Amino acid sequence: MTTSDTAVPEPTPEQAALFARVRRMMLIAGLTTALAICAVLIAVGYRLFKSEGRAVETAGDVIATLPKGAKIVATGVAGDRLVVTLDIGGVTEIRTFDAHTLKPAGKLKFANEP
Numbered sequence: 001m002t003t004s005d006t007a008v009p010e011p012t013p014e015q016a017a018l019f020a021r022v023r024r025m026m027l028i029a030g031l032t033t034a035l036a037i038c039a040v041l042i043a044v045g046y047r048l049f050k051s052e053g054r055a056v057e058t059a060g061d062v063i064a065t066l067p068k069g070a071k072i073v074a075t076g077v078a079g080d081r082l083v084v085t086l087d088i089g090g091v092t093e094i095r096t097f098d099a100h101t102l103k104p105a106g107k108l109k110f111a112n113e114p
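In this text, residue positions in the sequence shown follow UniProt numbering: the first is 1, and each later residue adds one.
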């Protein structure tokens, strides 16, 4: 035997069982991590493809008629909604529209108590 050769003793049965257990635990951890990464990629892909289908639902120009004497006070965006605040003869009204289709989504009127 030369000085560069090192003798590696054979593992005892207890050590061999411990090595096998560690390998099995590493395999389980690796598979769990791979499964988690796949789940995240599937969720992100689903969200991307789902939102792309909604982007082109409007068919041309949309005209929203306002009541006579109404003035637009403010506009804004809240999530997937376009919010328009109107002043109609001293009464404040908020109208919401879907930002993708521009269809009316709701109306809220504010009135003073008598």
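Each residue gets a CB set at the ideal place from its N, CA and C atoms; glycine is no exception. The model shown is predicted, which means the values in this text are computed figures rather than measured ones.
Thr92 beta carbon less than 7 Å from that of Phe110: yes
Pick from Asp61, Gly45, Met25 that is closest to His100, judged by C-alpha positions: Asp61
Residue range of the beta strand (DSSP E) that includes Gly89: Taken as a continuous stretch (DSSP letters only), Gly89 belongs to no beta strand (DSSP E), as it is neither H nor E.
Reduced DSSP secondary structure (H/G/I, E/B, other) of Val8: coil
Strand pairing of Asp98, partner residues [DSSP]: Arg81
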